[in-house]
Ligand SMILES: CC(C)(COP(=O)(O)OP(=O)(O)OC[C@H]1O[C@@H](n2cnc3c(N)ncnc32)[C@H](O)[C@@H]1OP(=O)(O)O)[C@@H](O)C(=O)NCCC(=O)NCCS
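Here it is as structure tokens:
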């Protein structure tokens, strides 16, 4: 697997419409032909501008982007056929974003392969900060399982999402993205067939949830500081 050694720091900030070309470049590098379009990002920025964050290196180079919307957690968890297209209004969020929703849902997370280490993690941490600042219950997203196609003839998808490998630093999930999300403290709630058109994951997605430990706590104003983010 490709290992990045770049240990530079990135800065995270809210995106603006002027970032669109940099965002589209990251999208293309991370997703190839499945990259989000200019129209989708313009709509995300217009609908929920606070929900699009970019990771910046060297003052002005965009190396990562995350986009989220607000939803009601009960609508997500009770939807037995949840899929990315429906839950994100085909990536436009215009008709899926619920301004008074109680939780955050991940629409897009993309990082340049050459970005500094932990860029994706920093973007997720800042989404957690957004949840804390807005007193939202959960951060939720549908993750990919991009290595499943290599193991599908050996194990079921349920076995695969629980499978681990031994490394010199201990045991970690077999799938690199499950590893990434578990390290960020997200928990797998369920496996979703036909979640997203992704041949590597055989179209499966995993519903991942982060529970805001500061939700409705009197000391929530302290949360963003305690939570080693920012
Ligand atoms: C998934 C993604 C956002 C991770 O961002 P990142 O900045 O590389 O991640 P971080 O540096 O914060 O974390 C590194 C961990 O990510 C994991 N990881 C996830 N996807 C990976 C990939 N394709 N290649 C290598 N490592 C990957 C590794 O397991 C690594 O853990 P390790 O340190 O134990 O080896 C990025 O690889 C990406 O944009 N992928 C393509 C688009 C995508 O799949 N987005 C998520 C949609 S659900």
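Residue numbers (our numbering): 3 to 232.
Don't be surprised by glycine CBs; every beta carbon is placed ideally from N, CA and C.
Please name the residue in 136, 205 and 28 whose C-alpha comes closest to that of residue 110. If we check each option's Cα against that of residue 110, 28 comes out closest.
When we look at the beta-carbon of residue 223 and count the other beta-carbons within 10 Å, is it buried (16 or more) or exposed? exposed
Is residue 17 near ligand 1, in the sense that its beta carbon is under 8 Å from a heavy atom of that ligand? no
Terminal residues of the continuous alpha helix (DSSP H) containing residue 127? Unbroken alpha helix (DSSP H) run through residue 127: 121-135.
Taking all protein chains shown into account, do 16 or more other C-beta atoms lie within 10 angstroms of the C-beta of residue 52, making it buried, or fewer, making it exposed? Counting Cβ neighbours within 10 Å, residue 52 comes out exposed, since fewer than 16 surround it.
Can you grab the Cα-Cα spacing for the pair residue 58 / residue 42, in whole Å? Straight-line measurement puts the Cα of residue 42 at about 21 Å from the Cα of residue 58.
Pick out every residue whose C-beta is nearer than 5 Å to a heavy atom of ligand 1: which are they, in chain order? 32, 111, 112, 113, 119, 120, 121, 122, 123, 145, 146, 178, 179, 181 and 182
How about residue 2 and residue 75: are their beta carbons less than 9 Å apart? In the structure displayed, the chain extends from 3 to 232; residue 2 sits before or after that span and is not available.
Is the stretch 179-199 close to the stretch 81-97, with three or more CB pairs under 8 Å? yes
Simplified DSSP state of residue 110, which is helix, strand or coil: strand
Kindly identify the DSSP beta-bridge partner or partners of residue 183. BP columns for residue 183 are empty, so no partner.
In this structure, how does DSSP classify residue 100 when only helix, strand and coil are distinguished? When DSSP states are grouped into helix, strand and coil, residue 100 belongs to the coil group.
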